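Each residue of the sequence shown is one higher than the last, beginning at 386 in the working numbering.
Only one structure is covered here, and it is reproduced in the block below.
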Amino acid sequence: KNKAVQSSYAPGSIFKVVTYGAALNEKLIKPDEQFGCGNGVIEVGKHKFTDSHCGRAISFTKAFATSSNIGAIKTGLKVGKDRFSEYIRQFGFGEETGIELPAEMRGLVRPKEKWQGDSLASMSIGYEIGVTALQTASSFATIANDGVRVRPHIIKEIRSSDGKVISTTKPEQITVVSAQVAHDLRQMMREVVVRGTGKEASLNGYTSAGKTGTAWKYDPKIKRVSGSKYVSSFIGFAPAENPSIVIAVVLDEPQGALRNGGQVSAPIFREIAEQILPELGVPSDIVIEDQDTAVQEVMGEPDAQITSTVNLDRADSTQTVESKTVEKLKKKPTQGTEKKIEKEKTVLSKPPMHAKPEKDKSLSKEKNQTKQIVPGKKAPKSDIKNKSSNERMRVVN
386 KNKAVQSSYA
396 PGSIFKVVTY
406 GAALNEKLIK
416 PDEQFGCGNG
426 VIEVGKHKFT
436 DSHCGRAISF
446 TKAFATSSNI
456 GAIKTGLKVG
466 KDRFSEYIRQ
476 FGFGEETGIE
486 LPAEMRGLVR
496 PKEKWQGDSL
506 ASMSIGYEIG
516 VTALQTASSF
526 ATIANDGVRV
536 RPHIIKEIRS
546 SDGKVISTTK
556 PEQITVVSAQ
566 VAHDLRQMMR
576 EVVVRGTGKE
586 ASLNGYTSAG
596 KTGTAWKYDP
606 KIKRVSGSKY
616 VSSFIGFAPA
626 ENPSIVIAVV
636 LDEPQGALRN
646 GGQVSAPIFR
656 EIAEQILPEL
666 GVPSDIVIED
676 QDTAVQEVMG
686 EPDAQITSTV
696 NLDRADSTQT
706 VESKTVEKLK
716 KKPTQGTEKK
726 IEKEKTVLSK
736 PPMHAKPEKD
746 KSLSKEKNQT
756 KQIVPGKKAP
766 KSDIKNKSSN
776 ERMRVVN
C-alpha cells in the first residue's frame, strides 16, 4: 500500500497554512498585526480550546511560528465557513491530485452544510478533515510556487518503441493565492524554522521553511481521540525563497519520549534535504562574509519558473509509517487521469477538550536564538531514537 496517496490522516497544525493563506489572501489579517489571545483560552460552540503560546497579545507571524491554536482559530473564524470551504478545495484537498498512481484517495472533506458549531474552529487547526501526504506536499508546493498550484505527475511524456513522442504531460495550473501572499507565507514558514517549532529543520548551507504538525489520532475503542497516539509531521521546502524541492514527512504513531512533529519529523526532513539539494546541483543560499561574522541568509527574489514533477518510491510494512514525499517544483501547464479509488474508512475527529498545541522542547532551551550553520561543517543531529524506518515512501531523482 502506497501510503503517500492511499491513506488519509488528520493533518493537525500543518493545515494552518491553508487557514492563514485564506486570511492573508482575503486581506483579513497582516503578518505583523497583533491580536488578543484571551489569555490562552477560546470557546467556540461547546468546545473550549486552550494553548500555552498565546498570552495577552501576539502577532500572527509569531502565532504561526509557535503553532498557536488560538491564533489559527481566530484566523479561521475571520475567514468564515463559506470562504474557508472554498480555499480548502482550491488548495487541492477533498479531491485526487491526478498523479499517475493507482487507487489514489481524495481524502475526507465534509460539505460545509454538514459542519457543526465548532467545525470551523477545529478545521482551522487541522481536525475534522482527512488528507493524504501527497495533498499536503502539493499544497505547500503552491506556496513555494508563488501561489500557483500545479497538479503533480510522474509521467513527463510517452514515447513509441522507435522513440517518437506520442504525448506530453502538460500540468494544469491553478492560482490559489497571490504571489505577495505566497511570499508572506514563505516568510512566516521561515520563522517556524528559525524561531518556532521547526528548528530541527535547519539545514547546512541552505535556508529552509515549513510547518510542523502533531495531531491526536482517533481511537475506535474509546470512540474519541487518543492521548497517546499521534500523527507527527513536517512539511517544508528549500531554499526558503527560491525553492527547488518540497518534502513531506509523516510519522504514524512515533514511539519514544519525543513525538511532536518538530521533534521527530523535522530532523528527517533535514536529512533528506541535505542529501538531495547538492545532488540536484542547487547552489547554497547562505553566504559567509568571513570567519568572524555571523551567517547571513540571502533571500533572493522568487523564481517564476520553479519546478513540479513528482517521483515516488515506496516500501511496505505493517507497523509505524514514515511517509516521505518529495516534490520537485516546476511551472508547467495537465491532463488528469481517472483512477479507481480504493475505499478506506477514515473517522473525522475533533481535538480533545482543552486541547494543547504541539510543543517543541527546544523552545525553552533556545529562546530567541537562531541556529547558525556554516557550509562545510556538519550540523548537530538530533538523537532520533524513536525514528521509525519500517515504511518509507521516498523520492528518487
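All C-beta atoms, glycine included, are put in the ideal place defined by N, C-alpha and C.
For clarity, every value in this text was computed on a predicted model and none was experimentally measured.
Cβ-Cβ distance between residue i and residue j below 7 Å
i: T527; j: T460; result: no
i: R571; j: A594; result: yes
i: T597; j: T582; result: yes
i: V649; j: L636; result: yes
i: A506; j: V429; result: yes
i: P537; j: S523; result: yes
i: V577; j: G406; result: no
i: G477; j: G492; result: no
i: V634; j: I653; result: yes
i: E585; j: A642; result: no
i: K466; j: L413; result: no
Best match in the options for proximity to residue i [C-alpha to C-alpha]
i: K401; options: E638, R609, S618; result: S618
i: V533; options: N410, K735, K433; result: N410
i: S613; options: I620, E626, P416, P639; result: P639
i: Y330; options: I607, G646, K606; result: No information on residue 330 is available, as it lies outside the stretch 386 to 782 that the chain covers here.
i: R495; options: K606, G479, I484, I620; result: G479
i: K735; options: E513, A442, A448; result: E513
Contacting residues, own chain, Cβ-Cβ under 7 Å from residue i (five flanking each side not counted)
i: E542; result: V550, S552, T553, T554
i: R468; result: A407, E411
i: E659; result: L588, N589
Cα-Cα separation, residue i to residue j
i: K499; j: Y472; result: 17 Å
i: S444; j: S437; result: 15 Å
i: S452; j: P668; result: 30 Å
i: I559; j: T521; result: 16 Å
i: Y603; j: I458; result: 21 Å
i: F434; j: M508; result: 13 Å
i: M573; j: T446; result: 6 Å
i: T482; j: S393; result: 13 Å
i: S611; j: N424; result: 26 Å
i: K388; j: K497; result: 27 Å
i: V566; j: D547; result: 47 Å
i: I539; j: Q419; result: 43 Å
i: A450; j: R544; result: 47 Å
i: E656; j: A625; result: 16 Å
i: R474; j: Q501; result: 19 Å
i: L486; j: K386; result: 11 Å
i: I484; j: A448; result: 34 Å
i: R575; j: I620; result: 12 Å
i: G666; j: M490; result: 34 Å
Cutoff 8 Å; reference residue i; Cβ partners in own chain excluding five residues on either side
i: G511; result: A395, P396, G397, S398, I399, F400, K401, G598, A600
i: P760; result: With a pLDDT of only 40 at P760, under 50, the local geometry of the prediction cannot be trusted, and the value read off the model is given with reservation. Once the five neighbours on either side are set aside, the close Cβ partners of P760 are N589, G590, S669, I671, I673.
i: K608; result: none
i: P416; result: L409, S444, F445, T446, D569, Q572, M573
i: R377; result: Nothing in the structure corresponds to residue 377, since the chain is present only between 386 and 782.
i: A442; result: Q419, F420, G421, C422
Residues near residue i by beta carbon distance below 6 Å, same chain, minus five either side
i: I455; result: C422, I427, D436, C439
i: H432; result: D503
i: S470; result: K497
Distance cut-off 6 Å: residue i Cβ against heavy atoms of the ligand HEM
i: L662; result: Here there are no bound small molecules, and the ligand HEM is not part of this structure.
Could you give the uninterrupted runs of the beta strand (DSSP E) lying entirely in the stretch 570-620, keeping only those of 3 residues or more? As far as the stretch 570-620 is concerned, its whole beta strand (DSSP E) runs of at least 3 residues are 594-604.
Let me know the alpha helix (DSSP H) ranges lying completely inside the stretch 485-535, each 4 residues or longer, listed in chain order. For the stretch 485-535, whole alpha helix (DSSP H) runs of length 4 or above, ordered along the chain, are 504-509, 518-529.
Pick out the complete alpha helix (DSSP H) segments inside the stretch 628-654, 4 residues or longer, and give them in chain order. Listed in chain order, the alpha helix (DSSP H) runs fully inside the stretch 628-654 are 646-649, counting runs of at least 4 residues.
Entirely within the stretch 410-488 and at least 3 residues each: give me those beta strand (DSSP E) ranges in chain order. Segments of the beta strand (DSSP E) lying fully in the stretch 410-488: 419-421, 426-429, 432-435, 442-444.
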